[in-house]
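Everything on this sheet refers to the single structure shown next.
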Amino acid sequence: MKVSQLLVAAALLASANAGAWKVYNDDSYTLTGCNAAMLKSATFCGGGIKTFACACKNQPAMASVMQCLADRTDKDQEVLKEWFVYQCAAVNKTVTVEELDASYENASDYWVDLDHKPAGYNKSAISYRPVKNGNMTKYFTGYIVSYRKRYGTVDRSHYQGMSLLSAWALLLLIATLSNWFTRMSPATLKSMNNSLTRKARQYLGLAPTFRKHHVQSVGFFGYIPTRFESVVILVNFLFLLFCNTIGYSYDQRDLVFTSKMGGISRYIGDNSAVLLSYMTPLVFLFPGRNNFLQWCTGWSYGRFVAFHKWLARLYMCEIIIHSGAMAVTSQAVGKWATRLAVFWYRWGIVASVAGGLMIIGAGYTARRISYEVFLLIHFVLGGIFLAGAWIHCLDQEYEQYYYAAAAVWCFDTLIRFARIAVFGVRTSKVELIANETLKVTVPRPAFWKPYPGAHGFVHFVTPLTFWQSHPFTLVESTVHDQNIHFYIKIKNGITKKLASRIQKSGKGFTNIHVSVEGPYGERNHYEHYNKAVLLAGGNGIPGPFSHAMMLGTRDVEKTEVKLYWSIREYYSLNWFFDELMKLKGTNVQPVIYVSNAQSSLEGVNFDSSSQSSSSSDNEKTDSQEDLKDTSTSQLQKLKETFGFIEFRTGRIDIEKVISEEVAEANGSVAIGVCGHPAMADQARVAVAHAIGENKNRIDYFEEMQTW
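Under mature numbering (1 follows the signal peptide of the UniProt record, and there is no 0), read the sequence shown as residues -18 to -1, 1 to 689, first letter to last.
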C-alpha cells in the first residue's frame, strides 16, 4: 500500500475510536423515569435543573429518587444504584452506592406523603424534605414510556447505522479479495469465468444503467453510474427509506411529548441525525485522492467519486429530514424561539444551508462552466459544513463521527500538499503542436516513478493560476527518461492562454514553472491476458500507449498487443511522433484511424514532434481531392517512416473492432479505452455484449479520469 494511503487509513481508524456510543437500556429508562418523576413532583434545586445534577447533590432529591426505584420497579436495585452512580459521574458529581443507601435510610423520618399533603405545601417552593406517592406513579409511567420510545429509537438508529457501514465493509471486502486474488493468481480469472458470472458481468457489472450513457454527461447529474454502481446506490436509498419510515409509534401516556406530532417528529429527527452521522466518514473518505480503498479494491477513482456524489445527495436528504423534523418538534413542544437563540441550533442551520449549497453547486452544469471555481467553493463550503455540524453535535454525543471525517479530509489534504512539496517547482517546456495540443515536458525527481495509466494534477505556478490543479494522464519520455510528458488538448482557461502566449512568442514553445501532484491511479494488469486491445481517441493516447509500450518491451510473449488510435487529421501525428517511433520493432501492432478522409499529409513533420509545426503547415483543407493529390514523396515518406503502423481512413467503428478482436483472440482478452466519452460508452456496451457471447475471459478497463 502506498504510504499516503496508509496514513489516511490510519487516520480513519484512529478517529473512529474517538468516542463511544451511549447505549440505553431498561435500567437507564427506569432510573431516568424516577428522576423525572421527582423533578415533576417537587422542587429541590433552583435554576430549573432537569438533569441528574439535582439528585446527585441534593439529599432530599436523592432520597426521593431512591424511594421511587424501591416502590415502582422489581428490577435489581444494585444495578439501578450503579446506574445512578454513573449518571452522577456524567454531571461531574462523585457519588457512591453507600451514599445512596444512606440517603434513603436517613429520609425515613422526613417523608412528605403527597397523598396527604401538609397544609401550605407548595410544589414550586424549594423543598427540604423528600417526597413520595401522589402522582409519582403517573409521572414515572409517563416519563419511562417517553424515554423508551425516544431512546429506543436512538438505539435502533445506531444499529441501523452500523448495519449500513457493515454492508459497505462487506462490499469493499469482497471487492478487495477479488482484486488481490486475481492479482496474485491470474489463473483465478479463468476459474471465475462461467455462464453465471458472464451473465452477471454482462448485465450488472459492466453495463451502463440506461442504454449507452455512462461517461457521457446527462443533464444536471452529469455522469450516470454503471448498473452495478446504480444497484449499490439504490440499495442504500431503499435501506435509508426503510429506516426513516418504519418503526415509529406514539403512546398517549407520554409526558415529554404530549402531542403525537411532537413525539413522532422527534423520533424521526433523532433517527435521521444518527444515520447521517454514520454516513459522514464515508462521504468525506470516498472522494479523497489518497483514498486507501482504491488500492484495496482496484476500483477507479471515478467509481468512488460516483459513490461520493450519490451518497452526498442521500446525506443531504437525511439533513433535510432531520432539520424539518426538529423544526416541527420544536414548535410542538413550544421551544422554537428558545432553540433559535442557542448557538448549537444556529450552527446546525448554518451547516444545513452550507450542505444544500454544496449539492446545488456540485451540479454538472456548474462544474462544466468552471471546475476550479467549483472546487474552491466546494472546499470552503465543506469546511463550513463540517465546523457547523461539529458545533451542532458537540453536546449531542455524535461529534466523534465528524472528528473522523475531519481527520480523513485533513490528512488527505496534508498528503496532497506533501506530494506537491516533494515534487517541487520545476521549469517545464510547453510546446504548441499542430495548433491543437500542448506538450508539457517536466523534469521529474529521480525517485518519482511514473507507471502506465498514471495521472497527475498539474499546477501552473503563476500568480493567478497556482491554486488550480488540472488532472492529466502522464507518460514517461521516450527520449529523456528523467522527463515526463503531458499532452493537453487546448480548451478555454489556462490552456488557451498558454497557446496564445506561445503563438505570440514566435518560438513554438514557452517555459513555465509547474508542480505535479501525483502520480495517482492504479495500474491495470494487461499482461495477465492473452490479448490486450488498447483503444485511444485524440489526446487520450498517452495512457494506452504507456501500457502498449510496457507490454511491447518486456518479456510478455504470450500477450498479443493491439493499439488503436483515432485522430481527425494526419498532422496530429506530429505531437506524438517520438512515442510512435518507439513502437517500431516491438510486438505492438498499431492501427491509426484518420477520421477525415480528406486529411492532407502536408502538415506532417516526419522528423520529430519536437519541431513544432507552424500554423501554415497545419492548415486544413476543404477540398475532397487533397488526399489524392498528395505527392508521391509524401506518401512514400509516410510508408518509410511509419511502415510498422496500419493506417485506415474513416471513423473508427468501436463495436466492429471489439467484435473482430475478440473473435480472433486465442484466449483471454483485456480491452482498455481512453478517449471521447461517446467512444468509451460505445466500447463499454460492445464489451458487455461480447462477454455474453464468448466463453473466453474478457475484461474492460476504462483508462479515463472522470469526476
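C-beta: ideal position from N, C-alpha, C; glycine also.
Whole-number beta carbon distance between residue j and residue i, since they are thought to touch under 8 Å
{"i": "Y552", "j": "S577", "result": "Actually they do not touch by this definition, with Cβ atoms about 11 Å apart."}
{"i": "F683", "j": "G654", "result": "4 Å"}
{"i": "R401", "j": "G500", "result": "7 Å"}
{"i": "A45", "j": "Y86", "result": "5 Å"}
{"i": "I301", "j": "V332", "result": "Incorrect: roughly 12 Å between the Cβ atoms, too far for contact."}
{"i": "S650", "j": "Y511", "result": "4 Å"}
{"i": "L13", "j": "L62", "result": "6 Å"}
{"i": "K564", "j": "T460", "result": "4 Å"}
{"i": "R132", "j": "Y230", "result": "Rounded, the Cβ-Cβ distance is 11 Å, inconsistent with contact."}
{"i": "R271", "j": "R398", "result": "6 Å"}
{"i": "P112", "j": "Y92", "result": "6 Å"}
For residue i: DSSP bridge partner residues
{"i": "C656", "result": "A518"}
{"i": "L420", "result": "L414, I470"}
{"i": "residue 734", "result": "The chain is shown only over -18 to 689; residue 734 falls outside these bounds and no answer can be derived."}
{"i": "H557", "result": "One point to set straight first is that residue 557 is Trp, not His, in the sequence displayed. Looking at the DSSP assignment, W557 forms no beta bridge with any residue, so it has no partner."}
{"i": "residue 690", "result": "Lying outside -18 to 689, the shown extent of the chain, residue 690 is not represented and no answer is given."}
{"i": "R408", "result": "V496"}
{"i": "L222", "result": "Answer is none; L222 lacks a bridge partner."}
{"i": "W277", "result": "According to DSSP, W277 bridges with nothing at all."}
{"i": "N465", "result": "P425"}
{"i": "E542", "result": "K513"}
{"i": "Y631", "result": "One detail in the question is off: residue 631 reads as Thr in this sequence, not Tyr. V576, per the DSSP bridge assignment."}
{"i": "V332", "result": "None, per the DSSP bridge assignment."}
Which listed residue (the options) has its alpha carbon closest to that of residue i
{"i": "G475", "options": "M243, Q450, N272", "result": "Q450"}
{"i": "E379", "options": "W326, G345, A403, G365", "result": "W326"}
{"i": "A107", "options": "Y92, G29, T158, A151", "result": "G29"}
{"i": "M531", "options": "G522, N569, K513", "result": "N569"}
{"i": "L517", "options": "S459, H290, E643, E80", "result": "E643"}
{"i": "W372", "options": "T347, G345, G330, F399", "result": "G330"}
{"i": "E685", "options": "A369, Y546, G657", "result": "G657"}
{"i": "M118", "options": "I156, G534, D53", "result": "D53"}
{"i": "L186", "options": "I673, F34, Q687, R679", "result": "I673"}
{"i": "L152", "options": "K489, T279, A514", "result": "T279"}
{"i": "A436", "options": "R398, G503, Y383", "result": "G503"}
{"i": "G345", "options": "D8, S199, R193, V362", "result": "S199"}
{"i": "G124", "options": "Y232, F289, K621", "result": "Y232"}
{"i": "V543", "options": "R328, A157, L533", "result": "L533"}
{"i": "P42", "options": "S128, D589, N587, S90", "result": "S90"}
{"i": "S145", "options": "Q184, L171, F221", "result": "F221"}
{"i": "A309", "options": "G343, F439, L293, I246", "result": "I246"}
{"i": "I634", "options": "I228, A369, Y575, A652", "result": "Y575"}
{"i": "D394", "options": "F122, W292, A323, F268", "result": "F268"}
{"i": "I466", "options": "R235, Q485, P434, L617", "result": "P434"}
{"i": "D252", "options": "L293, T240, T227", "result": "T227"}
Span separating the alpha-carbon of residue i from that of residue j
{"i": "A386", "j": "F274", "result": "15 Å"}
{"i": "R630", "j": "F527", "result": "18 Å"}
{"i": "A84", "j": "C70", "result": "16 Å"}
{"i": "G316", "j": "A670", "result": "59 Å"}
{"i": "L178", "j": "E211", "result": "19 Å"}
{"i": "I636", "j": "R666", "result": "10 Å"}
{"i": "H304", "j": "G337", "result": "13 Å"}
{"i": "M48", "j": "T76", "result": "17 Å"}
{"i": "R321", "j": "T78", "result": "35 Å"}
{"i": "K619", "j": "V457", "result": "27 Å"}
{"i": "K677", "j": "S160", "result": "20 Å"}
{"i": "V213", "j": "C225", "result": "18 Å"}
{"i": "G628", "j": "C299", "result": "A small correction: the amino acid at residue 628 is Glu; Gly does not occupy that position in the sequence shown. Those two C-alpha atoms are separated by around 54 Å."}
{"i": "M340", "j": "I640", "result": "41 Å"}
{"i": "T447", "j": "K473", "result": "15 Å"}
{"i": "S597", "j": "V404", "result": "Confidence is the limiting factor: at S597 the pLDDT is only 40, short of 50, which leaves the residue's position unreliable and the question unanswerable from this model."}
{"i": "K602", "j": "S282", "result": "Residue placement at K602 is flagged as unreliable, the pLDDT there being 41, under the threshold of 50; a coordinate-derived value is accordingly withheld."}
{"i": "K431", "j": "H374", "result": "45 Å"}
{"i": "T612", "j": "E584", "result": "Model confidence at T612 stands at a pLDDT of 49, short of 50, so the residue's coordinates are unreliable; what they give is reported in the following sentence. Looking at the two C-alpha atoms, the distance is approximately 8 Å."}
{"i": "A24", "j": "T33", "result": "14 Å"}
{"i": "residue 749", "j": "R328", "result": "Absent from the structure is residue 749, since the part of the chain shown begins at -18 and ends at 689."}
{"i": "R130", "j": "Q59", "result": "19 Å"}
{"i": "W557", "j": "V335", "result": "48 Å"}
{"i": "G438", "j": "T311", "result": "50 Å"}
{"i": "N7", "j": "F361", "result": "41 Å"}
At least 3 beta-carbon pairs within less than 8 Å: the segment 192 to 207 vs the segment 93 to 103: Short answer: they don't touch.
Stretch pair the segment 483 to 494 + the segment 401 to 414: three plus CB contacts closer than 8 Å: Output reads yes: the segment 401 to 414 touches the segment 483 to 494.
The segment 257 to 266 contacting the segment 165 to 172, beta-carbon criterion three pairs below 8 Å: For the pair of segments examined, the segment 257 to 266 was found not to touch the segment 165 to 172: the number of CB pairs separated by less than 8 Å stays below three.
At least 3 beta-carbon pairs within less than 8 Å: the segment 348 to 358 vs the segment 388 to 397: Taking 8 Å as the limit for Cβ pairs, the verdict is that the segment 388 to 397 does not touch the segment 348 to 358.
Touch test, the segment 135 to 146 against the segment 466 to 485, Cβ-Cβ under 8 Å, three pairs minimum: Under the 8 Å Cβ criterion, the segment 135 to 146 does not count as touching the segment 466 to 485, having fewer than three qualifying pairs.
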